[in-house]
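Inspection log for the structure reproduced underneath, given as structure tokens.
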Amino acid sequence: MDVLGVLNLGEVGVYFSKMAMFPVFDLAYYIVSILYLKYEPGSVEVSRKSPVASWLCAMLYCFGSYILADIILGVCPIDYFHNNSHILLATAVWYLIFYCPLNLFYKCVAFLPIKLVLVALKEVVRARKIAAGVHHAHHAYHHGYIIMIITGYVKGSGVALMSNFEQLLRGVWKPETNEILNMSFPTKASLYGAILFTLQEAHLLPVSKSTLICVFTLFMATSKVFMTARHSHGSPFALVESWVCHLLFGSPLASADDHHAPAATPVSPVKTKEELSEGTRKRKAKKAE
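Under full-length UniProt numbering, the first residue of the sequence shown carries the number 1, and numbering increases by one thereafter.
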């Protein structure tokens, strides 16, 4: 009997877990991903000087998690590129965001109310990718729980994990922005989600997969929308992580001020993509005017 059965989430979860991601949810995923690429310093200049490099960076932002997961599982890393409809859709989004006259498409999708909706839809895809990655690894390595966790983790945050390689395509090298060293909220959430879905696959978590997908998606979408609306770079896990790391690894306890002062801690590449680079670029544009 499921723990959440009393909440009547079973039927809702089944229906939600069977929803098709293409094209609406995938379109939102591509828009937000490439939108964050445009926030990166120098990305607009690269799109003018080398459209091929810009396109490759956009494809990494959209499909980097699939590529990295395929490498881990010993599958051809370009296998996903046989999905012509997905490639064409992502390419169309890339072109509109970088080359649409008067930046009309970019201004529309960057408008905060629309952006919040797109961010929520993107998190739906992220949760589904984590579950699919764990399920795929479970079939290949039935008792390889660590492999299942790694695959689900990579499926949910592969773009951030490949950020240094993507930077090289744009002629940038910032090893200090390694996502493993400074994990952002989506990366941490992907890791925790991969652990939960692995426990579910191992029948150690008394919750059906459909219900877990529904609950985890709701948590991810709500958290990311709230953080985006407040332009926050904090994490709902910060307080718990601080105490756990203090007890297990002797790390110093972080005060409440540490979680609200962005200048006091290093900024991860995902955080820069989402908000900080956007503000820097806008300030430069105003000065140029």
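Beta carbons are placed, not taken as given, at the ideal position from N, Cα and C, and that holds for glycine.
Note that this is a predicted model, so its numbers are computed, not measured.
- For the pair residue 82 and residue 91, the Cα-to-Cα distance works out to about 14 Å.
- A direct Cα-Cα distance of roughly 25 Å separates residue 210 from residue 116.
- Excluding residues up to 5 positions away in sequence, 220 lie with their Cβ nearer than 7 Å to the Cβ of residue 189 in the same chain.
- Scanning 71, 70, 69 and 42 for the CA closest to the CA of residue 57 turns up 42.
- Per DSSP, reduced to three states, the secondary structure at residue 175 is helical.
- When secondary structure is reduced to three states using DSSP, residue 41 falls in the coil class, being assigned neither helix nor strand.
- Proximity to residue 182 across 161, 103 and 98 peaks at 161, based on C-alpha coordinates.
- Taking 8 Å as the upper bound for CB-CB distance, residue 133 and residue 155 are in contact here, some 3 Å apart.
- Counted as a single uninterrupted DSSP element, the stretch harbouring residue 207 is not any alpha helix (DSSP H), since DSSP gives it neither H nor E.
- Rounded to whole angstroms, the Cβ separation of residue 180 and residue 93 is 28 Å, and the two are not in contact under 8 Å.
- Just so you know, the alpha carbons of residue 203 and residue 126 end up roughly 22 Å apart.
- In chain order, 25, 217 and 221 place their CB closer than 7 Å to the CB of residue 124, counting only its own chain and leaving out the 5 sequence neighbours on each side.
- Nearest Cα to residue 95 within the set 230, 65, 136 and 34: 34.
- Within the model, the alpha-carbon separation for residue 20 versus residue 253 is close to 43 Å.
- In terms of Cα proximity to residue 85, the closest of 15, 75 and 27 is 27.
- For residue 59, the uninterrupted alpha helix (DSSP H) segment begins and ends at 51 to 72.
- Setting aside the 5 residues that flank it on each side, residue 110 is surrounded in the same chain by 35, each with a C-beta closer than 7 Å to its C-beta; the list follows chain order.
- For residue 232, same chain residues with a beta-carbon under 8 Å away, outside a window of 5 residues either side, are 226 in chain order.
- Annotation for residue 140: the continuous alpha helix (DSSP H) segment containing it runs 112 to 140.
- Residue environment: residue 247 is assigned as exposed (fewer than 16 neighbouring CB atoms within 10 Å of its CB, all protein chains considered).
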